[in-house]
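Asks:
Protein chains: 2
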Amino acid sequence: MARLQQSLLTLKTDSFGERLRAVAQGVEDGLDKILPPPTTRLHEAMRYSVFGGGKRLRSYFTCESSRLFNVPLQNALQTAAVIELIHAYSLVHDDLPCMDNADMRRGKPSCHKAFGEATATLVGDALIPLAFQTLASLEISPEVRLELIEELGRVIGSQGLVAGQMMDLGQEGPRSTLEDLLEQQHLKTGVLFGFAAEAGGILGKASPDERQALRSYGLLFGKAFQMMDDWLDGCGDEEAIGKPCGQDIEKFTFLNLLDPDSLRKKTEETLQKALNALSPFEGRAYLLEEALVHALPRIS
Amino acid sequence: MARLQQSLLTLKTDSFGERLRAVAQGVEDGLDKILPPPTTRLHEAMRYSVFGGGKRLRSYFTCESSRLFNVPLQNALQTAAVIELIHAYSLVHDDLPCMDNADMRRGKPSCHKAFGEATATLVGDALIPLAFQTLASLEISPEVRLELIEELGRVIGSQGLVAGQMMDLGQEGPRSTLEDLLEQQHLKTGVLFGFAAEAGGILGKASPDERQALRSYGLLFGKAFQMMDDWLDGCGDEEAIGKPCGQDIEKFTFLNLLDPDSLRKKTEETLQKALNALSPFEGRAYLLEEALVHALPRIS
Chain A
1 MARLQQSLLT LKTDSFGERL RAVAQGVEDG LDKILPPPTT RLHEAMRYSV FGGGKRLRSY
61 FTCESSRLFN VPLQNALQTA AVIELIHAYS LVHDDLPCMD NADMRRGKPS CHKAFGEATA
121 TLVGDALIPL AFQTLASLEI SPEVRLELIE ELGRVIGSQG LVAGQMMDLG QEGPRSTLED
181 LLEQQHLKTG VLFGFAAEAG GILGKASPDE RQALRSYGLL FGKAFQMMDD WLDGCGDEEA
241 IGKPCGQDIE KFTFLNLLDP DSLRKKTEET LQKALNALSP FEGRAYLLEE ALVHALPRIS
Chain B
1 MARLQQSLLT LKTDSFGERL RAVAQGVEDG LDKILPPPTT RLHEAMRYSV FGGGKRLRSY
61 FTCESSRLFN VPLQNALQTA AVIELIHAYS LVHDDLPCMD NADMRRGKPS CHKAFGEATA
121 TLVGDALIPL AFQTLASLEI SPEVRLELIE ELGRVIGSQG LVAGQMMDLG QEGPRSTLED
181 LLEQQHLKTG VLFGFAAEAG GILGKASPDE RQALRSYGLL FGKAFQMMDD WLDGCGDEEA
241 IGKPCGQDIE KFTFLNLLDP DSLRKKTEET LQKALNALSP FEGRAYLLEE ALVHALPRIS
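Chains as they are written, first to last, in my numbering: chain A, 1 to 300; chain B, 1 to 300.
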């Protein structure tokens, strides 16, 4: 932790919240344009699921990584909006009765509780093509659009996000080691964070090394994020975190494998690695660095 | 019917079955390369759902429309394979308990019956991005790839396929007129046939008029196909069609609105219109014309 805390001193720590709010506003305006008006029940349910009070952390990563390469804000925001469509679909389907069977999401009834199971399934089925269609129509070079499409397809497909969800549901057989859990979380949570961070590099035609650095950062953030989530669910203060704890008690989490102190230490190590991943940018990625700081206080 | 029957005389009527088998074989080889090896339960379930003995009519349309513009067979087959991935996903999700709740599909247990509901949902969720990812990586001009992606996104999204499914499930309110049913079937069945037929024109950089002709042909085929399906379900011979009749008795079908003779007449009129749509090709599209003939005998 020493190096992380030291570097915190040099950060403009008041920028994160302000930037996150600006990005969230920009991306919600973008989503409002991408989503059809709520003239059908399906479109109403799509909007219900996409506009639900998410923090828009993935959008923040895309916008701040884009900024490193002077990508026009509009392109960054539209790409971020696409990632939010995918994130929203994944939550709607994860909540379904045959998956996590969750009645609530972000403090309101989950999509299938509000609109029924068939509509919720179809909301996801409609959000995925909308994401790809939107990328295909961005006003940027065809090659960059195709690279975004191919990479997004890869990370959310049967060897990415969906594979992680299969593991999480126990559909790929028993999983019991730390390695198993790390792989599962990498796929279920990590790869979309990795893509969100790398997307700015794709948009900005960054070098392979720069793209790799951004992807690593996103992946490590996702890993720390999930560890922190498990820690908070098992050891956090319900009032401070704003949701009931112990919800994952029957699931396979990091607290099944590590005691709380070890998990906390491992989370901090992971955050440090994420910070190190940004070193090629020599401080210019301070807004990405700040996201790591922002994620910390809740666990400390 | 007069004009259709007349033109039948000039058709090489022995070509359809042979070509359909060749296309089916080619597209299944393509699908085998696109789908990851069945080393996980998810990949096993994806293959189970994609390789299920479908006739590959949509692939036929793509390959035969491609042929009109001398598109390399490989590109036509890969695009056709992508459309089959989407068709497979739509069947898997349509069969889910919250949708049509169908236990059987093409003579074997539906995906959720064989693999469980969660896996079946995730099979669909994985097939959609695989389709877009595959299109993005085709070895054809970037502009053509993007056009295919954008158009596919449009036809399978919330204003296409998924909208039709919402209507079919009664999720968009009561629907009772012939116009309602035509719109529902257009979206649920027609648009993917329309895209499959137009795809050859997109690949072949056809003129807008040629693309429109192909799309109309596919849409009209889809319309006739659905009418015929309803007719057979209500009036067909179980043994001849190889599946139980009366399955749609509680659904909103053309037989709720038209007597069997009127429906049969309307189907024939629709097939005639589909044939007329191909007139700009002056007989060169005879393999597409033959598909209309092939679809007829079952209802006559």
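Heads up, the beta-carbon is just placed ideally off N, CA and C, and yes, glycines get one too. All figures in this text were calculated on a predicted structure; none of them were measured in a lab.
#1: Let me see if you follow: with CB-CB separation under 9 angstroms, is B:Cys-98 close to chain A or not?
#2: At a CB-CB cut-off below 7 angstroms, which residues of chain B make contact with A:His-93?
#3: To the nearest angstrom, how far is it from the Cα of A:Ala-199 to the Cα of A:Arg-284?
#4: May I ask you to list the residues that DSSP assigns as paired with B:Pro-109?
#5: Starting from A:Asp-29, follow the alpha helix (DSSP H) in both directions and report where the run begins and ends.
#6: Nearest chain B C-beta to A:Val-162 closer than 9 angstroms, yes or no?
#7: Whose C-alpha, out of A:Gly-30, A:Asp-29, A:Arg-47 and A:Glu-28, is nearest the C-alpha of A:Glu-37?
#8: With a threshold of 9 angstroms between beta-carbons, can A:Gly-157 be considered close to chain B, or not?
#9: So with Cβ pairs under 9 angstroms, would you call A:Glu-143 a contact of chain B?
#10: Quick one: which chain B residues come within Cβ less than 7 angstroms of A:Ser-137?
#11: Report yes or no: do three or more beta-carbon pairs, one from the region 56-73 of chain B and one from the region 195-213 of chain B, lie closer than 8 angstroms?
#12: If you draw a straight line from the alpha carbon of A:Thr-189 to that of B:Ala-24, how long is it in whole angstroms?
#13: Cutting at 8 angstroms between CB atoms, please list the residues of its own chain near A:Gly-218, excluding the five before and the five after it.
#14: Closer than 7 angstroms by C-beta to B:Asp-95: which residues in its own chain qualify, once you throw out the five before and the five after it? Chain order, please.
#15: On the DSSP letters alone, give me the boundaries of the alpha helix (DSSP H) that A:Gln-159 sits inside.
#16: Three Cβ pairs or more, each shorter than 8 angstroms: is that satisfied between the region 110-129 of chain A and the region 155-172 of chain B?
#17: Does any C-beta atom of chain A lie closer than 9 angstroms to the C-beta of B:Tyr-286?
#18: Taking the alpha carbon of A:Leu-275 as the reference point, which residue from A:Phe-221, A:Lys-251 and A:Asp-230 has its own alpha carbon closest?
#19: Mapping DSSP to helix, strand and coil, what is A:Leu-130?
#20: Within the 9 angstroms Cβ cut-off, does B:Tyr-48 reach chain A?
#21: Between A:Leu-73, A:Pro-280, A:Leu-178 and A:Val-144, which has its C-alpha nearest A:Glu-210's C-alpha?
#22: Inspect the CB distances between the region 121-129 of chain A and the region 174-188 of chain B and report whether three or more fall short of 8 angstroms.
#23: DSSP state of B:Val-71, grouped into three classes?
#24: Taking all protein chains shown into account, do 16 or more other C-beta atoms lie within 10 angstroms of the C-beta of B:Thr-39, making it buried, or fewer, making it exposed?
#25: B:Ala-213 and B:Val-123 look like a contact to me (Cβ under 8 angstroms); what is the Cβ gap, rounded to whole Å?
#26: Please classify B:Asn-70 as buried or exposed, where buried requires at least 16 neighbouring CB atoms within 10 angstroms.
#27: Is the region 82-91 of chain A touching the region 51-60 of chain A in the sense that three or more CB pairs, one from each, lie closer than 8 angstroms?
#28: Ignore the nearest five residues each way along the sequence and tell me which others in B:Leu-292's own chain have a CB closer than 6 angstroms to its CB.
#29: Note down, in chain order, each residue of its chain lying with its Cβ closer than 6 angstroms to the Cβ of A:Gly-236, except the 5 sequence neighbours on either side.
#30: Is the distance from the Cβ of B:Gln-159 to the Cβ of B:Leu-187 below 9 angstroms?
#31: Is it right to say A:Gln-74 is buried, meaning 16 or more other beta carbons lie within 10 angstroms of its own, or is it exposed?
#32: Under a three-way DSSP split, which group does A:Met-253 fall into?
#33: Does B:Asp-29 pass the burial test, meaning 16 or more other C-beta atoms within 10 Å, or should it be called exposed?
#34: Mind pulling the beta strand (DSSP E) runs of 3 or more residues that sit fully within the region 135-188 of chain A?
#35: Find out if the Cβ-Cβ distance for the pair B:Ala-88, B:Gly-54 is shorter than 9 angstroms.
Replies: A quick look at the data gives this:
#1: Taking the second sequence and counting its residues from 1, the one referred to as residue 98 of chain B is at position 98. Yes, contact with chain A.
#2: In the first sequence, counting from the first residue as 1, residue 93 of chain A sits at position 93. The answer, in chain order, is Thr-121 and Asp-125.
#3: Here residue 199 of chain A is taken as the residue at index 199 of the first sequence, counted from 1. Here residue 284 of chain A is taken as the residue at index 284 of the first sequence, counted from 1. Rounded to the nearest angstrom, the two C-alpha atoms are 17 angstroms apart.
#4: Walking along the second sequence from the start, residue 109 of chain B turns up at place 109. Under DSSP, B:Pro-109 shares a beta bridge with B:Met-104.
#5: One-based indexing of the first sequence puts residue 29 of chain A at position 29. In this chain, the alpha helix (DSSP H) harbouring A:Asp-29 covers 15-34.
#6: Counted from its first residue, the first sequence places residue 162 of chain A at position 162. At least one chain B Cβ lies under 9 angstroms of A:Val-162.
#7: Looking up residue 37 of chain A in the first sequence gives position 37. Before going further, note that residue 37 of chain A is Pro rather than Glu in the sequence given. For A:Pro-37, the nearest C-alpha among the options comes from A:Arg-47.
#8: Here residue 157 of chain A is taken as the residue at index 157 of the first sequence, counted from 1. Cβ-Cβ to chain B under 9 angstroms: yes for A:Gly-157.
#9: As a working mapping, residue 143 of chain A is identified with position 143 in the first sequence. Chain B, which has a Cβ nearer than 9 angstroms to the Cβ of A:Glu-143, makes this yes.
#10: Here residue 137 of chain A refers to the residue found at position 137 when the first sequence is read from its first residue. Simply Glu-150.
#11: yes
#12: As a position in the first sequence, residue 189 of chain A is number 189, starting the count at 1. As a position in the second sequence, residue 24 of chain B is number 24, starting the count at 1. So the two alpha carbons sit approximately 38 angstroms from each other.
#13: Within the first sequence, the letter at position 218 stands for residue 218 of chain A. Here the set comprises Phe-61, Gly-190, Phe-193, Gly-194, Phe-195, Ala-196, Ala-197 and Glu-198.
#14: For the purposes of this step, residue 95 of chain B is taken as residue 95 along the second sequence, with counting starting at 1. Excluding residues within five positions, the ones whose Cβ falls inside 7 angstroms are Ala-102, Arg-105, Ser-110, Cys-111 and His-112.
#15: In the first sequence, residue 159 of chain A corresponds to position 159, counting from 1. Run containing A:Gln-159: none; DSSP gives neither H nor E here.
#16: yes
#17: Translated into positions along the second sequence, residue 286 of chain B becomes position 286. Cβ-Cβ to chain A under 9 angstroms: no for B:Tyr-286.
#18: Start at 1 with the first residue of the first sequence, and residue 275 of chain A comes out as number 275. Closest by alpha carbon: A:Phe-221.
#19: Locating residue 130 of chain A in the first sequence gives position 130, counting from the first residue. DSSP places A:Leu-130 in helix when its eight states are reduced to three.
#20: For the purposes of this step, residue 48 of chain B is taken as the residue at position 48 of the second sequence. Chain A contact via Cβ: absent.
#21: The residue labelled residue 210 of chain A in the question sits at position 210 within the first sequence. Residue A:Pro-280 is the option with its Cα nearest to A:Glu-210.
#22: no
#23: One-based indexing of the second sequence puts residue 71 of chain B at position 71. Coil at B:Val-71, not helix or strand.
#24: Here residue 39 of chain B refers to the residue found at position 39 when the second sequence is read from its first residue. Under this definition B:Thr-39 is an exposed residue.
#25: Taking the second sequence and counting its residues from 1, one reaches residue 213 of chain B at position 213. Taking the second sequence and counting its residues from 1, one reaches residue 123 of chain B at position 123. Between B:Val-123 and B:Ala-213 the Cβ distance is about 35 angstroms, and since that is not below 8 angstroms, they are no contact.
#26: Walking along the second sequence from the start, residue 70 of chain B turns up at place 70. Result: exposed.
#27: yes
#28: Here residue 292 of chain B corresponds to residue number 292 of the second sequence, with the count starting at 1. Excluding residues within five positions, the ones whose Cβ falls inside 6 angstroms are Leu-271, Ala-274 and Leu-275.
#29: Reading the first sequence from its first residue, position 236 is the one you call residue 236 of chain A. Taken in chain order, the residues that qualify are Cys-245.
#30: One-based indexing of the second sequence puts residue 159 of chain B at position 159. One-based indexing of the second sequence puts residue 187 of chain B at position 187. Taking 9 angstroms as the Cβ cut-off, B:Gln-159 and B:Leu-187 qualify as a contacting pair.
#31: Taking the first residue of the first sequence as position 1, residue 74 of chain A is located at position 74. When all chains shown are included, A:Gln-74 counts as exposed.
#32: As a first step, residue 253 of chain A must be located in the first sequence, where it is residue number 253. Note on identity: in this sequence residue 253 of chain A is Thr, with Met being the wrong assignment. Three-state DSSP puts A:Thr-253 in coil, outside helix and strand.
#33: Here residue 29 of chain B corresponds to residue number 29 of the second sequence, with the count starting at 1. Result: exposed.
#34: none
#35: For the purposes of this step, residue 88 of chain B is identified with residue 88 of the second sequence, where counting begins at 1. For the purposes of this step, residue 54 of chain B is identified with residue 54 of the second sequence, where counting begins at 1. Against a cut-off of 9 angstroms, the Cβ pair of B:Gly-54 and B:Ala-88 comes out as a contact.
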